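So the structure is just underneath, and the comments pick up after that.
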Amino acid sequence: MSFEEILKTLGSGLGQFGWNDLLDIAILTVLLYKLIVWTKDTRAYEVIKGVGLLIVASVATQLLSMYTLNWLLDSILQSGTIIIVIFILFTPEIRRVLERLGRSGKAIGKLISEAGNMGVEDLIEDLHKTILRLSRRRVGALIVFEQKTGLGDIISTGTAIEGRVSGALIENIFEPNTPLHDGAVICRGSTLVAAACFLPLSEETGISRELGTRHRAALGVSTVSDCLVLVVSEETGAISLAHDGKLIRYLDSLALRNLLESIFLKKNISGLTFGKNQSRRKEESKR
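Quick look at the structure:
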């Protein structure tokens, strides 16, 4: 279809445009707006964006006369709509594919450009010392750093904090026998949003038996979102990173600093350098 034909089609359609069409568009707009608002800070938002991209791709392939691709997309969106909804609700793997599609073109807007009165480098140093101190004391900790996928549904399970991220705050939260030490803290940029949050446990059957609930929770939330999760073991004091459904164990001081810099200085997680033994530990954690 040429550009002139598209203009003629649009002109013909506008000539038949009535008040009922306007009402139809208004209702649909309100519904879509409400849906976006309700899901904005949840993992469902990324899924909705993924489905939206499929719809846009379907329209684009029709306008560009890409018939085979258009037929495939239409088949998915029309005849397979109910099946897709069921799989989104009940199959984590498919949900993750749509979430990644929804995240594919989005720039990271939630990471901090500065950490309030405390400089970024000072914040990294503060957290680095605190996490190493928790490790030496064998104080269990579970710290989730939200990335592109909103974790509003998980945040709602905990206690709202809305405080500036600092080593002292994190150390006080995870101090044994305090009200909020159980569960995870959720950090959104430079803000510690909530504490004592419940994370979904990993259903992976091949996880090492020596891993406890904290590690399974870290793997669980990293499987259904793109967050980065730091775990300090209460039994051994070992520091681990969960990301994309994988666990890297026994992070040393240098690896921990690299990770914190990747979070607060917007470095790519794939470019991180870990200790020489950590690739092996990563594979061991799967068994």
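For the sequence shown, the numbering used here assigns the number 167 to the initial residue and increments by one for each residue that follows.
Idealized CB from N, CA, C, for every residue including glycine.
These figures come from a predicted structure and were not determined experimentally.
Would you mind sorting residue i into buried or exposed? The rule is 16 or more other CB atoms within 10 Å of its CB.
i: Ser-241; result: exposed
i: Asp-392; result: buried
i: Phe-329; result: One detail in the question is off: residue 329 reads as Gly in this sequence, not Phe. Exposed, by the Cβ-count rule.
i: Arg-302; result: exposed
i: Ser-322; result: exposed
i: Ile-191; result: exposed
i: Ile-309; result: buried
i: Tyr-199; result: exposed
i: Lys-215; result: buried
i: Leu-239; result: buried
i: Tyr-233; result: exposed
Check residue i in the structure and name its three-state DSSP category.
i: Thr-357; result: strand
i: Gly-329; result: strand
i: Ile-202; result: helix
i: Asn-186; result: helix
i: Leu-289; result: helix
i: Thr-298; result: Here residue 298 is Leu; the residue named in the question, Thr, does not match the sequence. Here Leu-298 sits in helix by DSSP.
i: Val-225; result: helix
i: His-347; result: coil
Cβ atoms of residue j and residue i: under 9 Å apart, would you say?
i: Glu-337; j: Val-359; result: no
i: Leu-407; j: Ile-414; result: yes
i: Glu-401; j: Gly-372; result: no
For residue i, tell me which candidate among the options has the shortest Cα-Cα distance.
i: Arg-299; options: Val-398, Val-196, Tyr-416, Thr-195; result: Val-398
i: Gln-313; options: Thr-357, Lys-295, Thr-325; result: Thr-357
i: Lys-432; options: Val-390, Ile-290, Lys-215; result: Ile-290
i: Phe-524; options: Glu-376, Val-225, Leu-422, Arg-380; result: Here the chain covers residues 167 to 453 and nothing more, so residue 524 does not appear.
i: Val-390; options: Glu-401, Leu-396, Asp-410; result: Asp-410
i: Gly-355; options: Leu-422, Arg-382, Leu-317, Pro-342; result: Leu-317
i: Ile-221; options: Leu-426, Asn-236, Ser-231; result: Asn-236
i: Val-331; options: Thr-402, Thr-296, Ser-231; result: Thr-296
Below 8 Å on the Cβ atoms is my guess for residue i versus residue j; work out the distance and round it to an integer in Å.
i: Ile-327; j: Val-387; result: Not quite, the Cβ-Cβ distance comes to about 18 Å (not below 8 Å), so this is no contact.
i: Gly-311; j: Ile-429; result: Inspection of the sequence shows that residue 311 is occupied by Phe rather than by Gly. With a Cβ gap of about 5 Å, Phe-311 and Ile-429 count as contacting.
i: Leu-243; j: Ser-224; result: 6 Å
i: Leu-293; j: Gly-333; result: 5 Å
i: Leu-367; j: Arg-382; result: 5 Å
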